[in-house]
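> Residue numbers (the numbering used here), protein chains in the order written: chain A, 75 to 161; chain B, -17 to 253.
Just so it is clear, CB atoms sit at the ideal spot from N, CA and C, and this is done for glycine as well.
Model, not experiment: these values are computed from the prediction.
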Amino acid sequence: MTMTKRQTRGHLANVSVVVTCAFAFGCAYWLAASTQPPIPAPRAPKTPATMTVAANAPRLVAKPPVAGLVRAPAKRRIVVVRRSRAS
Amino acid sequence: MNTHAFDAMGTQWCFMSERAADFDAAEQFVRRCEASFSRFSPYSALSELNRRRAIQDAQLTELVEVAMALHALTNGAFDPTLGDELSALGYDRTFAPELNRGQVSRRSNLLVKTAGDITELEGEGSLDLGGIAKGWTVDAVAMRLRQESGGGVLVDGGGDIRAIDGVWNIGVGDGREVILKNAGVATSSTLRRRWEGGTHHIVDPDTGQSSAQTIDTATVVASDATLADALATAVIVNPQLLSDPRIPIQQAIVRARDGQWWTTPNWRVEP
Chain A
75 MTMTKRQTRG
85 HLANVSVVVT
95 CAFAFGCAYW
105 LAASTQPPIP
115 APRAPKTPAT
125 MTVAANAPRL
135 VAKPPVAGLV
145 RAPAKRRIVV
155 VRRSRAS
Chain B
-17 MNTHAFDAMG
-7 TQWCFMSERA
3 ADFDAAEQFV
13 RRCEASFSRF
23 SPYSALSELN
33 RRRAIQDAQL
43 TELVEVAMAL
53 HALTNGAFDP
63 TLGDELSALG
73 YDRTFAPELN
83 RGQVSRRSNL
93 LVKTAGDITE
103 LEGEGSLDLG
113 GIAKGWTVDA
123 VAMRLRQESG
133 GGVLVDGGGD
143 IRAIDGVWNI
153 GVGDGREVIL
163 KNAGVATSST
173 LRRRWEGGTH
183 HIVDPDTGQS
193 SAQTIDTATV
203 VASDATLADA
213 LATAVIVNPQ
223 LLSDPRIPIQ
233 QAIVRARDGQ
243 WWTTPNWRVE
253 P
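1. Return the CA-CA distance between S196 (chain B) and A7 (chain B), expressed in angstroms with no decimal places.
2. Go to Q41 (chain B), then tell me how far its alpha helix (DSSP H) extends in each direction, as first and last residue.
3. Decide if M(-2) (chain B) is buried, meaning its Cβ has at least 16 other Cβ atoms within 10 Å, or exposed.
4. Mapping DSSP to helix, strand and coil, what is D110 (chain B)?
5. Can you find a CB in chain A that lies within less than 7 Å of the CB of S192 (chain B)?
6. Taking the C-alpha atoms as reference points, what is the distance between Q41 (chain B) and K137 (chain A)?
7. Buried or exposed: where does A(-13) (chain B) fall if 16 or more other Cβ atoms within 10 Å of its Cβ makes it buried?
8. Please list the partners that V167 (chain B) has in chain A, where partner means a Cβ-to-Cβ separation under 9 Å.
9. Tell me where the alpha helix (DSSP H) around L68 (chain B) begins and ends.
10. Does V304 (chain B) have its Cβ less than 7 Å from a Cβ in chain A?
11. Pull up the CB-CB distance for G275 (chain B) and L92 (chain B), whole angstroms please, since I reckon it's below 8 Å.
12. Any idea what DSSP makes of M255 (chain B), helix, strand or coil?
13. For chain A, find out if any of its Cβ atoms is closer than 7 Å to the Cβ of T63 (chain B); answer yes or no.
14. How would you call L31 (chain B), buried or exposed, if buried means at least 16 neighbouring beta carbons within 10 angstroms?
15. What residues are listed by DSSP as bridge partners for L162 (chain B)?
16. Report yes if the C-beta distance between G166 (chain B) and A204 (chain B) is below 7 Å; otherwise report no.
17. For L45 (chain B), which residues of its own chain have a beta-carbon under 8 Å away from its beta-carbon, when the five flanking residues on both sides are left out?
18. Please confirm whether V202 (chain B) and A234 (chain B) have their CB atoms less than 7 Å apart.
19. Give the C-beta separation of D138 (chain B) and D211 (chain B) to the nearest angstrom, bearing in mind that I take them to be a contact with Cβ-Cβ under 8 Å.
20. Applying a beta-carbon distance threshold of less than 9 Å, which residues of chain A neighbour N151 (chain B)?
21. If we count the other Cβ atoms within 10 Å of its Cβ and call it buried at 16 or more, is L64 (chain B) buried or exposed?
22. Could you check how far apart the C-beta atoms of L68 (chain B) and H183 (chain B) are, in whole angstroms? I think they sit under 8 Å.
23. Quick one: is F77 (chain B) near chain A, going by C-beta distance under 7 Å?
24. Any idea what DSSP makes of W249 (chain B), helix, strand or coil?
25. Whose CA, out of B:W150, B:A97, B:A207, B:D198, lies closest to the CA of R144 (chain B)?
26. Helix, strand or coil for D206 (chain B)? Go by DSSP, reduced to three states.
Shown next, in the form of structure tokens:
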């Protein structure tokens, strides 16, 4: 199969259009990739502000009215026969 | 359980006995004690002593001796010689919140002498046996009921409580409790018998004024109700007594003025 000179010119023109388009597309892709800002790394979860405050705040320790006393035990629900009260 | 309730000494009384006992006779004994020890009745033995400066009365003399012994034990924090100071504060009759206040005198210099069944007073001032008279009466009635019934008894005179035999759950503080076995418990507080302006009935002997210490309520467990009553008052006047090894407090629970409750380290709620 032989092509005529005219046909050969038409093929070359098509190839040059394809190559030019491919080159242009590749350049555009390269340019876009090189100028895009980096994807940010995932952030560490924030520590709740209240935890930071509690950790840094001074502890309030109740002081007994007399040295040697200890905190009264928790209340309980029990049946008492009488109650000692000031009168 | 046998029980008997009535009003006397300006408060509510309750007898509890595992076995039958003569509650009526015991109530009459309480009423005789009230008639004898009251500072508010001009006909009481105590009023006669304060007025005439001497009296022959075995029961009153016994109570005065106990009171003066506790006065010495607490280094004056419990002071039965402040009758005049209490009257000056307005506490000259059965408690009423609208009483007027007068001038407050300085610390009493009253000298109390006892010999046999005779009590004599020297110097200015008068005796007030208010709280300790109640505790002493509670103890006396409890021993009497125990002797009669032969079983466990509990006597409650307005919060001064004595238990003999048996195990008794007693409410104290703000919703707490203590197990009482052969012991007494009493509570004193500056939050009761209080007049406008913050004046109350617990007098600091050093100032002659209402006590202004760090504790406003004290419940003390001791060997009997007489001791518990006197010590509960004394620790309000001088809270340092709570850590004094000479003071025979078995256990104590106190309320600081900020509303927090504290106990002695040996506080226990189990028998």
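Quick answer:
1. In the sequence as presented, Ser is not what sits at residue 196 (chain B); that position holds Thr. CA-to-CA, the gap between T196 (chain B) and A7 (chain B) works out to about 42 Å.
2. Its alpha helix (DSSP H) spans residues 40 to 55.
3. M(-2) (chain B) counts as buried, since no fewer than 16 other beta carbons sit within 10 angstroms of its beta carbon.
4. In the three-state scheme derived from DSSP, where H, G and I count as helix and E and B as strand, D110 (chain B) is classed as coil.
5. Answer no: the Cβ-Cβ gap between S192 (chain B) and chain A never drops below 7 Å.
6. CA-CA distance, Q41 (chain B) to K137 (chain A), rounds to 44 Å.
7. A(-13) (chain B) comes out exposed.
8. The answer, in chain order, is S158.
9. Run containing L68 (chain B): 65 to 70, per the alpha helix (DSSP H) assignment.
10. It is not possible to answer for residue 304 (chain B), since the shown part of chain B is limited to -17 through 253.
11. Outside the shown range of chain B (-17 to 253) lies residue 275 (chain B), about which nothing can therefore be said.
12. Lying outside -17 to 253, the shown extent of chain B, residue 255 (chain B) is not represented and no answer is given.
13. The beta-carbon of T63 (chain B) is placed no less than 7 Å from the nearest beta-carbon of chain A.
14. Looking at its Cβ environment, which holds 16 or more other Cβ atoms inside 10 Å, L31 (chain B) is buried.
15. L162 (chain B) is bridged to B:W150.
16. For G166 (chain B) and A204 (chain B), yes; Cβs fall inside 7 Å.
17. Excluding sequence neighbours, L45 (chain B) sits near F19, L111, I114, A115, W118.
18. The answer is yes: Cβ separation under 7 Å.
19. Not quite, the Cβ-Cβ distance comes to about 13 Å (not below 8 Å), so this is no contact.
20. For N151 (chain B), the C-beta contacts it makes with chain A under 9 Å involve I152, V153, V154, V155, R156, in order along the chain.
21. L64 (chain B) comes out buried.
22. Going by Cβ atoms, the distance from L68 (chain B) to H183 (chain B) rounds to 7 Å, so yes, they are a contact pair.
23. At F77 (chain B) the pLDDT is 46, less than 50, meaning the model places this residue with poor confidence and gives no usable figure here.
24. Residue state, collapsed to three classes: coil.
25. When only C-alpha atoms are compared, the closest one is B:A207.
26. Three-state result, D206 (chain B): coil.
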